[in-house]
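Heads up: the structure comes next, in structure tokens.
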Ligand code: C5P
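In my numbering, the protein residues as written are 1 to 218.
In structure tokens, the structure reads:
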């Protein structure tokens, strides 16, 4: 039996995580947050002071990571038995993740961890290269985006809600820098798969996007 896969790729802050989680819940499918895998590796490397180590050493750390995702109301992530959920959300973790994500050997090392999520009823995979590289065979593909201003504003509100001090112009600059790095990297850049359906969420509610994505699958 072929396992149905829905890929949702796009830049940071487009709403991929929230939409993917809700769609996966509604369909009873598994959810893969591939960005969390890159973020976890960035954290592990920071902890070991290995962010600028030799590529072979970074790959070794990537292969040895013991990651577990626990899905409740919110997703929690355990790395080598330790709950790293809060650390994953830091801006610095996202920026470091985007730097190590440019290294092709690192991407190759993380490929199998991502493909292992393909199980059971179906999979919703969220990231940058889900529809192009990790699951090119996916039956349903979405490229979800929003204007840079909308994405920065959403991020700003999220941080404020968490009580984290945030600065809108700094967040806008960070998002633009990260997007540019993700789009221009040589290996698995952020681009829509040729067969992806494009959705701009700038003026849509989360629920409207969820409905649109569900209508593709149903
Ligand atoms: O999606 P999220 O913001 O958590 O991802 C953090 C970083 O990890 C991204 O900016 C991107 O550079 C990298 N990433 C990637 N490929 C993926 C998912 C994330 O390169 N499939």
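Where a beta carbon is used, it is the ideal one built from N, C-alpha and C, also for glycine.
Quantities reported herein were computed from a predicted structural model and do not represent experimental measurements.
What separation, rounded to the nearest whole angstrom, lies between the Cα atoms of residue i and residue j?
i, j, result
"residue 2", "residue 137", "10 Å"
"residue 71", "residue 173", "32 Å"
"residue 46", "residue 52", "9 Å"
"residue 114", "residue 32", "7 Å"
"residue 28", "residue 196", "22 Å"
"residue 25", "residue 131", "20 Å"
"residue 107", "residue 65", "14 Å"
"residue 225", "residue 190", "The structure shown has nothing for residue 225, since the chain only spans 1 to 218."
"residue 187", "residue 105", "10 Å"
"residue 74", "residue 88", "13 Å"
"residue 210", "residue 13", "15 Å"
"residue 203", "residue 150", "9 Å"
"residue 50", "residue 56", "11 Å"
"residue 182", "residue 98", "7 Å"
"residue 176", "residue 148", "7 Å"
"residue 81", "residue 44", "13 Å"
"residue 208", "residue 76", "26 Å"
"residue 160", "residue 90", "13 Å"
"residue 201", "residue 179", "17 Å"
"residue 213", "residue 169", "31 Å"
"residue 218", "residue 92", "38 Å"
"residue 48", "residue 83", "17 Å"
"residue 60", "residue 119", "26 Å"
Would a C-beta distance cut-off of 7 Å place residue i and residue j closer than the cut-off?
i, j, result
"residue 226", "residue 15", "Any question about residue 226 goes unanswered here, given that the chain covers just 1 to 218."
"residue 125", "residue 18", "no"
"residue 216", "residue 140", "yes"
"residue 62", "residue 78", "no"
"residue 42", "residue 100", "yes"
"residue 142", "residue 199", "yes"
"residue 117", "residue 30", "yes"
"residue 37", "residue 135", "no"
"residue 10", "residue 144", "yes"
"residue 85", "residue 185", "no"
"residue 171", "residue 193", "no"
I want to check one thing, is the minimum distance from the CB of residue i to the heavy atoms of ligand 1 below 6 Å?
i, result
"residue 101", "yes"
"residue 34", "yes"
"residue 178", "yes"
"residue 129", "yes"
"residue 15", "no"
"residue 140", "no"
"residue 10", "no"
"residue 219", "For residue 219 there is no data in the structure shown, the boundaries of the chain being 1 and 218."
"residue 97", "yes"
"residue 174", "no"
"residue 182", "yes"
"residue 94", "yes"
Is residue i a contact residue of ligand 2, with contact defined as CB to any heavy atom under 6 Å?
i, result
"residue 3", "With respect to small molecules bound, the structure shown includes ligand 1 and not ligand 2."
Under 7 Å between C-beta atoms, does residue i make it to chain B?
i, result
"residue 77", "No chain B appears in this structure, which consists of one protein chain only."
| task | Kindly confirm or deny that the stretch 156 to 167 and the stretch 109 to 123 touch, where touching means at least three C-beta pairs closer than 8 Å. | result | With the cut-off at 8 Å, the stretch 156 to 167 and the stretch 109 to 123 do not touch.
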